[in-house]
Amino acid sequence: ASSTSVSRRPFLNRTRHYVHSLLTLRIRSHLSKVVNDEYLAGVNFYKAANLSGDVKLDNPDQRVTADIASFSAAFADFLPTLFKPVLDICVF
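Note that the sequence shown covers residues 782 to 873 in our numbering.
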């Protein structure tokens, strides 16, 4: 390997990590807004907090937030896998 390709590797890794973090944050922010708008619309919050029968959800808002965070990270991990072959073809 040439010295220029070796010296670019840390820069590319940092850039990839930055873009991944930015993408995760954008997905999480957008998805949180959409889900919260739906959750707080009408009586959805009341329905989720007071399910009928023996089943009761504790802290539904915290559960939704945790699910959005894990989904956003997983989706941001998936996107580079999907687009890396296309990028490789364009670059080389």
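From the three backbone atoms N, C-alpha and C, an ideal C-beta is built for every residue, glycine too.
Residue i versus residue j - alpha carbon distance
i, j, result
"Phe759", "Leu806", "Not covered by the structure: residue 759. The range shown for the chain is 782 to 873."
"Thr846", "Tyr820", "11 Å"
"Val800", "Arg844", "27 Å"
"Asp869", "Arg795", "18 Å"
"Val867", "Gly823", "44 Å"
"Phe792", "Asp835", "55 Å"
"Cys871", "Phe859", "20 Å"
"Arg790", "Lys814", "36 Å"
Pick from the options that is closest to residue i, judged by C-alpha positions
i, options, result
"Asp927", "His798, Leu812, Leu803", "Nothing about residue 927 can be read from this structure; the chain reaches only from 782 to 873."
"Pro841", "Lys865, Tyr827, Leu803", "Tyr827"
"Pro861", "Leu803, Phe792, Arg789, Pro791", "Leu803"
"Ala854", "Ser810, Pro791, Phe864", "Ser810"
Anticipated Cβ contact below 8 Å, residue i with residue j, distance rounded
i, j, result
"Ala850", "Leu838", "Wrong, their Cβ atoms sit about 18 Å apart, outside the cutoff."
Neighbourhood of residue i by C-beta distance below 7 Å, restricted to the same chain and skipping five residues each side
i, result
"Phe856", "Ile808"
"Asn825", "Glu819"
Residue i: CB within 7 Å of a non-hydrogen atom of the ligand PLP
i, result
"Pro866", "Among the components modelled here there is no ligand, and therefore nothing to report on the ligand PLP."
Contacting residues, own chain, Cβ-Cβ under 8 Å from residue i (five flanking each side not counted)
i, result
"Val816", "Val845, Ile849"
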